Amino acid sequence: MFFSKGTAVLLLYRQNRLWPSTGSRFLSTKAYEPLRILFCGSDEFSIASLKALHKEHVHRPDRIASIDVVFPIKAAATELSLPIHEIDTFTGWKPPVLSEGAINLIVAVSFGLFVPPRILDGAKYGGLNVHPSLLPDFRGPAPLHHTLLAGRTTTGVTLQTLHLQHFDHGTILAQTPPPGFEIPNSDSCTVPQLLDLVSPKGAEILVEGIRNGLFVPPIEDAGWYSSEGQGELIHAAKIKPEDRHIDWANWTWTDISRRIRVLGPLWSKSLVATETSGKVPSFQQRRVIFTELEEVNPPLKGSESFALVPGLPFLEGDHSSKPDSGNGVYVFTRDGKLVRIHQMKVEGEPNADALRAAFKARMVGSRTFSSNYGVFTPFHNPLS
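Numbering-wise (this note's numbering), the sequence shown opens with residue 954 and increments by one.
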């Protein structure tokens, strides 16, 4: 087979230069010695990267000579027959010295422990990290949750170096090209579904970065997001119980329904009447968890006045209504959306039909409001 001079030059060029799927420019493949990797991971996102590295190790032992795994992804490491090191902290711990030599690359993916400088400095090629966002956007331990909470329709993955002092502040070596890849059904996507989307892409960008030797000095910054004027960056802080606490004064129904989808059941506090020997009832605040909410459209006629107080629950009927009457418990959100509470769990009680739970906890007041369309009874106070 014969080639023209131009074709031959192009083929030789392509043998030494790659057009990666994660970037928009040619990258030189840098030479490096066989890698002895210490892999640190903790969840499904990291397992995808570990399996991809192991596959590369099997096919190209000249490129990846060995992989040692730091617990807790023990099951995946055991399945791949990789050496395991169970540690709770890096304090006093040293990476293994293999017959071929010392560990020369640290790879940390979704790993909660900070890899100390002494270990990174001891590895010839330092450390790599895969992050499921377009850094510096969504830095932090919960990027998937915050991506969905922010209502983003696109996202991406980033390969960066491990910083000596801070999480997610390394040099960006490769990144999903702008504007990122689409999140399918972004208005209904859940965290597990987003995880299934980004995990293989994170594994791909890691293996591709290793093939290209992006970690070999001199290192080039390939980050594009912060230079594109994308707007305010979001910190992906750890999800805490307070993130599920409904802020009735400020959250719209979109905010509430999105948090239910991403974080699970939300909660508020409510006044609950307690048993007392006197004539005046005693009240205490208890947490109320909403396990099933649904927007009512169009709203109940005659209930519009309750929209003036977002977060004030009311029932359809008076305080003598029977728990099994079929009447509902409702509440308006800040943007005037009427929501029916189907199921809720009052602190100290089992999950139950909302009306039944409200009567059992004595959350319902005695005053009623009548209109041409029906009778409504508010709770003792707005949810807080």
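Cβ coordinates follow ideal geometry from the N, Cα and C atoms, glycine included.
Because the structure is a prediction, the values reported are computed rather than measured.
Run the CB neighbour count on S977, radius 10 Å, all protein chains shown included, and call it buried at 16 or more, exposed below.
Unreliable placement is indicated for S977, whose pLDDT of 37 sits below 50; the coordinate value is still reported in the next sentence. The residue is exposed, with fewer than 16 neighbouring Cβ atoms inside 10 Å.
Can the beta-carbon of H1333 be found less than 7 Å from the beta-carbon of L1224?
yes
Which whole-angstrom value is the C-beta distance of L1291 and S1256, which I expect to be below 8 Å?
7 Å
Just curious, the beta strand (DSSP E) that P998 is in, first and last residue?
At residue 998 the sequence reads Phe, which differs from the Pro that was named. First-last for F998: E997 to H1012, but that is the alpha helix (DSSP H), not the beta strand (DSSP E).
Spell out a yes or no on whether the stretch 1045-1061 and the stretch 1129-1143 are touching, meaning 3 or more CB-CB pairs, one atom from each, closer than 8 Å.
no
Express the C-alpha separation of E1300 and V1169 in angstroms, rounding to a whole number.
56 Å
P1251 - DSSP class collapsed to helix/strand/coil
coil
Judging by CA-CA distance, which residue of I1056, G1045, K1222 and F1322 is the nearest neighbour of F992?
I1056
Quick one: residues in its chain with C-beta nearer than 6 Å to the C-beta of G1104, no 5 flanking neighbours on either side, listed in chain order?
none
Which residue comes first and which comes last in the beta strand (DSSP E) that contains K1222?
L1219 to T1227
Rounded separation between P1303 and F1043 - CA only:
43 Å
In three-state DSSP terms, what is S977?
Residue placement at S977 is poorly supported in this model, since its pLDDT is 37, which falls under 50; the coordinates still yield a value, given next. S977 falls in the coil class under three-state DSSP.
For the alpha helix (DSSP H) containing K1027, name the first residue and the last one.
K1027 to E1032
Can you name, in chain order, every residue of its own chain whose Cβ lies under 8 Å from the Cβ of N1203, other than the five neighbours on each side?
R1287
Paired residues, beta bridge with L1058 - DSSP
I990
For G994 and G1289, what's the separation of their Cα atoms in angstroms?
45 Å
Only counting the same chain, and skipping five residues up and downstream in sequence, which positions put a Cβ closer than 6 Å to that of L1035?
I1020 and V1022
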